[in-house]
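Here our numbering is used: the first residue of the sequence shown is 481, the next is one more, and so on. We treat Cβ as the ideally placed atom computed from N, Cα and C, and that holds for glycine. All values reported here derive from a predicted model rather than from experimental measurement. First up is the structure itself, then whatever we jot down about it.
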Amino acid sequence: MVSYKERILESIRESDMGLTTVDVAKKAGVSKTTVIKYLSVLKSEGRCEYVEVGPAKLWRATPVAKSRTPATEESADDSQCVVESLEVKSVGESDDGKTLSLSFRVKPEQVASLLRQIRNCTGERTS
């Protein structure tokens, strides 16, 4: 059974222009109160955002949420690392061949988490 959170996210993924809170509730088949709760959670996870149009908020999925790339759990015997995808607008490499510059909208704590995941995958030790 699909969770309320996933039903709400799926509803806003399917909309090109965005949906009001009431429209999300109707489309997902859940109460407005439940929608408000889960939209807040999804927004804090970076999976949706809103734009204010007059007194209304139009909710829409972020590019990461629209990608629909499911993150799978790593089994105990599997040595591969799974990292969520980020929409990258530009990539540049420095002259030293070790620095990679990425350009995208992300919170500092998300960058720190991504760096920890990369270090875990590559076996690099943190100082």
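For this session: In the DSSP assignment, find the beta strand (DSSP E) that holds L538 and state where it starts and stops.
Result: Taking the sequence shown and counting its residues from 1, the one referred to as residue 538 is at position 58. Note, L538: beta strand (DSSP E), 536-541.
For this session: Could you tell me the boundaries of the beta strand (DSSP E) in which V531 lies?
Result: In the sequence shown, counting from the first residue as 1, residue 531 sits at position 51. Per DSSP, V531 is one residue of the beta strand (DSSP E) stretching across 528-533.
Exercise. Comparing alpha-carbon positions, which option in M481, T542, V533 lies nearest L489?
Worked result: Translated into the one-based positions of the sequence shown, residue 489 becomes position 9. Closest by alpha carbon: T542.
Exercise. Do the CB positions of K512 and V502 come within less than 9 Å of each other?
Worked result: In the sequence shown, the residue the question calls residue 512 occupies position 32. In the sequence shown, the residue the question calls residue 502 occupies position 22. Yes. Within cutoff.
Exercise. Nearest to S483 by CA position, among S495, L522, M497, is which residue?
Worked result: Walking along the sequence shown from the start, residue 483 turns up at place 3. Distance check between S483 and each of S495, L522, M497 places L522 closest, using alpha-carbon atoms only.
Exercise. Are the Cβ atoms of K507 and E494 separated by less than 9 Å?
Worked result: If you number the sequence shown from 1, residue 507 lands on position 27. If you number the sequence shown from 1, residue 494 lands on position 14. Yes.
Exercise. Nearest to D496 by alpha carbon, out of Q590, E589, Q597, L538?
Worked result: For the purposes of this step, residue 496 is taken as residue 16 along the sequence shown, with counting starting at 1. Cα-wise, what sits closest to D496 is L538.
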